[in-house]
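Quick note, the sequences are listed as chains A and B, same order.
With our numbering, you'll find the first sequence wraps up at 665, consecutive numbering, no jumps.
With our numbering, you'll find the second sequence wraps up at 469, consecutive numbering, no jumps.
Idealized CB from N, CA, C, for every residue including glycine.
This one's a predicted model, so the numbers in the text were calculated from it and none came from an experiment.
Step one of this worksheet: look at the structure below.
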Amino acid sequence: MCKIFGKSILFGGETMRFKKLLLVSLLMLMLSFSFAAEKTTLYYTTLFHSGDAQAMEKIVQRINQESDDIFVVLVQGAWENYYAQLINQVVAGNAPQVGVVHSNMFPSMRDALTPLNASSAGNLLEKSGFKREDFLTDVWDSSTFDDLHYGIPLDTHMWAMWYNKDIFVKAGLDPDKPPTNAEELKYAAEKIKDAGYYAVHFAEDGVARKLMRAWYILYWQQGGELFDENYSKATFNNEKGIKALQYLVDSVQKWGWNTKGTDGFKQFASGQLGILFAGNWYYYSAEEAKINYGVAKVPTIFDKPATWGNSHNLVIPKQAANNPQMYEQAIELIRRITDLSYMWGMFGGHIPAYNNSRTSSELLNAPVWEKSLNVFSQMAEEGYLHYPPNHVKAAELEDAIQVYVQQAYNGTITPSEALKRAEAECNRILSEN
Amino acid sequence: MKKAVRDQWSGMLFALPFMIIWGVFTLWPVISGFIISLHNWDPLRGSEFIGFGNYKYLFSSQRFWNAFVNTFEFALIMIPMTLILALLFAFYLYFSKGKAKAFVESALFFPYLLNVSIISLIWKWLFDPDFGLITESLKMIGITNPPQFLNNPIWVIPAIALASSWWLMGYRMTIFRAALESQPVEIVEAATIDGANKRQIMFKILFPLIRPQFLFATVLTVISGFDVLGQVMIMTEGGPGRSSEVLALLLYKEAFSYFRMGRAAAIGFILFVIIFIFTLIALRFMGKDVQQ
Chain A
233 MCKIFGKSIL FGGETMRFKK LLLVSLLMLM LSFSFAAEKT TLYYTTLFHS
283 GDAQAMEKIV QRINQESDDI FVVLVQGAWE NYYAQLINQV VAGNAPQVGV
333 VHSNMFPSMR DALTPLNASS AGNLLEKSGF KREDFLTDVW DSSTFDDLHY
383 GIPLDTHMWA MWYNKDIFVK AGLDPDKPPT NAEELKYAAE KIKDAGYYAV
433 HFAEDGVARK LMRAWYILYW QQGGELFDEN YSKATFNNEK GIKALQYLVD
483 SVQKWGWNTK GTDGFKQFAS GQLGILFAGN WYYYSAEEAK INYGVAKVPT
533 IFDKPATWGN SHNLVIPKQA ANNPQMYEQA IELIRRITDL SYMWGMFGGH
583 IPAYNNSRTS SELLNAPVWE KSLNVFSQMA EEGYLHYPPN HVKAAELEDA
633 IQVYVQQAYN GTITPSEALK RAEAECNRIL SEN
Chain B
178 MKKAVRDQWS GMLFALPFMI IWGVFTLWPV ISGFIISLHN WDPLRGSEFI
228 GFGNYKYLFS SQRFWNAFVN TFEFALIMIP MTLILALLFA FYLYFSKGKA
278 KAFVESALFF PYLLNVSIIS LIWKWLFDPD FGLITESLKM IGITNPPQFL
328 NNPIWVIPAI ALASSWWLMG YRMTIFRAAL ESQPVEIVEA ATIDGANKRQ
378 IMFKILFPLI RPQFLFATVL TVISGFDVLG QVMIMTEGGP GRSSEVLALL
428 LYKEAFSYFR MGRAAAIGFI LFVIIFIFTL IALRFMGKDV QQ
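Right under this line is the structure:
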C-alpha cells in the first residue's frame with residue numbers, strides 16, 4: 233500500500249516536474265519566436281546536391297546561429313530544373329533573395345538577375361565592399377556583361393588527373409611522379425595496361441557530356457576556340473579539333489587504354505583504373521573508396537596547359553518588391569557566405585574564389601587541401617581554367633557537340649565526320665532566331 | 178419542373194465539384210499548353226505569337242523525327258511485353274497451387290512500389306559493362322564479348338523497355354489476377370469437364386471475361402509507353418548519340434535546358450494527340466465487346 237502510495241507520490245512529482253519543464257520550454261519557444269520575429273527571413277535556393285548540399289547547409293547553419301538580424305531558409309537540390317524554376321520564380325514575383333548561377337549560364341540568366349553594381353538600391357558591390365582583386369579575377373570577370381556585374385564568385389571547380397598510387401607501383405612507375413605530358417602519359421598508360429589494369433579514363437563516368445569535356449581539354453590545349461567571338465559560327469571543325477578527337481578515340485579504339493561505354497568513377501573506386509580525369513568533387517568518393525590516390529595537374533598533352541572548369545556564383549534574382557532594404561540584406565547574406573567560403577572548400581571540396589577563404593588557415597590545414605585542393609588551386613592560379621561556351625544557346629550547342637563526340641568515341645562514326653555533323657548542327661542552331 | 182429535368186440538374190450538381198477540379202487542373206493546363214505552343218514563349222523578355230511556327234519547326238526537324246521514331250520503338254516493345262508478361266503471370270498464379278504463390282506474386286509486384294529513379298539505377302547497374310550482373314552472367318555462359326546494352330544504338334531501347342516492363346508489369350498482373358479471381362469457378366470446371374485444355378480455358382474462356390480489365394491496363398500502359406522519361410534520362414540521357422532520345426526527353430530538354438517553352442509545349446501537345454489516338458484505338462478494338 234505504502235509502496236503503491238509512494239509510487240503515486242513519485243508519479244505526482246514527475247508530473248509536476250514535467251509541467252515545469254513544459255512551461256520553461258514554452259517560455260523559451262516564445263522567447264525564440266520573439267527573437268525570430270526581429271529577424272528578416274531570407275530565402276536562398278541552390279542547385280547543390282549530395283556532398284555540396286551538405287557543405288552549404290553547414291555554412292547556412294553557422295550563419296543562422298551567428299546572425300541576430302537575418303534568418304536564412306535554404307532550399308537545395310533539383311539541379312536539372314533549377315534554372316527554369318528560377319526564371320519562373322522571377323516571373324511569378326516570388327524569387328528567392330539569393331541564388332546560385334554557373335558562370336557559363338549568365339548569358340541565359342542575366343535578365344532574371346539583379347546587376348549588383350546598378351541595382352535599385354544602388355551599387356551593392358560598393359556598399360558591401362566587394363572588390364574584383366579580392367577574388368580569382370577570371371572568375372569575377374565571368375559574371376560581367378556590358379559593365380554590369382551579376383554575381384559574386386563562390387568557387388571554381390575543374391578537372392584534374394587522379395591516379396592510383398598502388399597501381400603505379402605495381403606497374404613499375406614512380407607514384408610521386410605522375411605524367412605531365414603526352415609522352416609520359418603514353419608511357420604510364422602502357423605500363424598500367426601491361427600490369428592488367430584499365431590505364432586511363434579521360435571522362436569521369438563516360439556519359440556524352442563528359443566525353444565532350446575531355447575533347448574540349450584536348451582541343452583547348454592546342455589553342456582552339458569552339459566558336460568565333462560573336463558566336464556567329466562554330467570554329468572547331470579543323471585540324472586541331474580532329475586531332476583532339478582522334479586522340480580521345482585512339483585511347484579506346486587503338487591503344488586499348490580503356491573500353492568505350494565504361495564508368496571511370498566506378499573503375500577508379502574499385503581499384504581497377506590507373507588514371508582518371510575528374511573534377512574536384514571526386515575527393516569524397518575517392519576517400520570513401522579508400523584508394524591510395526594522388527592528384528596531379530592535367531598533363532599538357534598538346535601545346536599548352538588547359539582544363540575544363542566552371543564556377544558557382546552567388547546572385548540576387550530580380551525581386552518583385554522594389555525594396556532597397558531587401559537588396560541590402562541579400563548582399564549582406566552573400567557577404568557572410570563569402571566570408572565562410574573556406575568551409576565550402578573544406579566540406580564541399582571546391583576551390584573558394586575569395587582570396588581570404590582560399591588562403592585561410594582553416595582550409596590550408598584541412599586534409600582536403602593537402603590531398604587534392606592545393607593542386608586544383610595551383611591550376612586555377614596558373615590559368616588552366618577554360619569555361620564551356622557562355623551563350624544563351626550554350627546548352628543546345630553543347631548537346632549538338634556531345635552526341636557526335638560520343639559516337640566517334642564509340643567508333644560509330646569517324647572523328648572528322650563527327651565534327652562535320654556537330655559543326656553543321658551548331659551553325660544551324662546559331663542561325664535560328 | 179419535370180422529374181427528368183430535375184434529375185439531370187441534380188446529377189450535374191453532384192458532378193460539379195469534380196468538373197471544377199478537372200477543369201482547373203486538367204482541361205485548363207491542356208488548353209494553356211496549346212496556347213503556349215503557339216508562341217515563342219519567353220516570359221522574361223516578352224512572348225511572341227508565331228501561330229503554328231513551333232509545329233512547323235518540329236515537323237521539319239530531323240531531331241524531332243528521330244525522337245518520334247524512338248518513342249514508337251519503345252512503345253511498340255514495352256507495351257506488348259508488359260501486358261503479355263503480366264497476363265501470363267496472372268494465369269500462372271491463377272492456376273498455381275504451390276506454397277510459393279504468395280511469394281511469387283509479392284516478388285512480381287514489388288518493383289512497382291519503387292520509384293522510377295531506383296528502377297533505372299538498378300538496371301543501369303545490371304547492364305554495366307564492367308560490373309553488371311547481366312553482363313557478367315552472359316560472360317559466364319560463354320558470351321565473351323556481350324553487347325554494351327546501354328551504349329549500343331540497337332540494344333539501348335529494348336534494354337530500357339525491358340527495365341520498364343519489369344517495373345510496370347506487377348501492377349497490371351494484379352489487375353488481371355483480381356479479375357480472374359472474381360470469375361465463377363464453375364465456368365472453368367464446366368470447361369474442364371467438356372474437355373478444354375488449360376490453353377483453351379485461358380484464352381478462349383477466361384481472357385474474354387477479363388477484357389474490361391485488360392482494356393484498362395492497356396490504356397494505362399499506352400500512356401506509360403509514350404510518356405517515358407525518367408528511365409531514359411537516368412539510364413542513358415538519350416544516348417548513345419541520340420539513339421534513345423524519346424519525345425518526352427526532347428520536350429524536357431527544350432523546356433528546362435534550352436528554355437524554349439513554346440517548342441516544348443508543342444511537343445507536349447503532339448504527345449497528347451498521339452496518346453489520345455492510341456487510347457481511342459484501344460477503346461475501339463477492345464472496348465467494343467466490353468460495352469455490350
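The beta carbon of residue 352/A sits closer than 6 Å to the beta carbons of 554 from its chain, once the five residues preceding and following it are set aside; these are given in chain order. For residue 542/A, the enclosing beta strand (DSSP E) has its first and last residue at 539 to 542. Taking 8 Å as the CB threshold, residue 530/A stays off the interface with chain B.
Contact of residue 308/B with chain A by beta-carbon distance below 7 Å involves 498.
At a cut-off of 8 Å between beta carbons, residue 325/B contacts chain A. For residue 635/A, the nearest CB of chain B lies under 8 Å from its own CB, placing it at the interface with that chain.
Residues of the region 215 to 227 of chain B that bring their beta carbon within less than 7 Å of a beta carbon in chain A comprise 220, 221, 222, in sequence order. Taking CB atoms only, residue 232/B has no neighbour in chain A less than 8 Å away. Within the region 469 to 498 of chain A, the residues whose Cβ lies closer than 8 Å to any Cβ of chain B are, in chain order, 491, 492, 493, 494, 495, 498. Exposed is the label assigned to residue 419/A, since fewer than 16 other Cβ atoms lie within 10 Å of its Cβ.
Under the Cβ distance rule, residue 328/B counts among the residues neighbouring chain A, one pair being separated by less than 8 Å. With respect to the 8 Å criterion, residue 448/B and residue 398/B are not classified as neighbours on the basis of their beta carbons. When the five nearest sequence neighbours on each side are left out, the beta carbons in the same chain lying within less than 7 Å of the beta carbon of residue 629/A are those of 621, 623, 658, 661, in order along the chain.
Between residue 645/A and residue 346/A a beta carbon distance of about 45 Å is seen, past the 8 Å cut, so the two are scored as non-contacting.
In the DSSP assignment, residue 211/B falls outside any beta strand (DSSP E) and lies within the alpha helix (DSSP H) extending over 205 to 214. Between residue 354/B and residue 270/B the beta-carbon gap is near 6 Å, inside 8 Å, which marks them as a contact.
Counted as a single uninterrupted DSSP element, the stretch harbouring residue 252/B is not any beta strand (DSSP E) but the alpha helix (DSSP H) occupying residues 239 to 272. In this structure, 429/A is the residue among 417/A, 297/A, 429/A, 320/A with its C-alpha nearest to the C-alpha of residue 501/A.
If you check the CB distance, residue 518/A and residue 449/A do not come in under 8 Å.
When secondary structure is reduced to three states using DSSP, residue 451/A falls in the helix class. Between the alpha carbons of residue 343/A and residue 382/A lies a distance of about 10 Å. If you check each beta-carbon in the region 406 to 427 of chain B against every beta-carbon of chain A, the ones closer than 7 Å belong to 414, 416, 417, 418, 419.
Residue 325/B counts as buried, since at least 16 other C-beta atoms from the protein chains shown sit within 10 angstroms of its C-beta. Between the C-alpha atoms of residue 457/B and residue 463/B there is a straight-line separation of about 10 Å.
Proximity of chain B to residue 642/A at the Cβ level (cut-off 7 Å) is accounted for by 328, 417, in chain order. In this structure, residue 332/A and residue 582/A do not form a Cβ contact; the two beta carbons are roughly 12 Å apart against a cut-off of 8 Å. Around the beta carbon of residue 376/B, a 10 Å sphere encloses fewer than 16 other beta carbons of the protein chains shown; the residue is thus reported as exposed. Here residue 203/B is exposed. Its C-beta has fewer than 16 other C-beta atoms within 10 Å.
Taking CB atoms only, residue 344/A has a neighbour in chain B less than 8 Å away. Boundaries cannot be given for residue 326/B, as no beta strand (DSSP E) includes it and DSSP labels it neither H nor E.
No Cβ of chain B is located within less than 8 Å of the beta carbon of residue 561/A.
Of the residues assessed, residue 362/B falls on the exposed side of the cut-off, its CB having fewer than 16 other CB atoms within 10 angstroms. Within chain A, the residues placing a beta-carbon under 8 Å from that of residue 434/B are 627, 628, 631, ordered along the chain.
Counting along the chain, residue 396/A sits inside the beta strand (DSSP E) bounded by residues 387 to 396.
Here residue 367/A is bridged, per DSSP, to 586/A. Comparing alpha-carbon positions, the option among 258/B, 331/B, 337/B lying closest to residue 296/B turns out to be 337/B.
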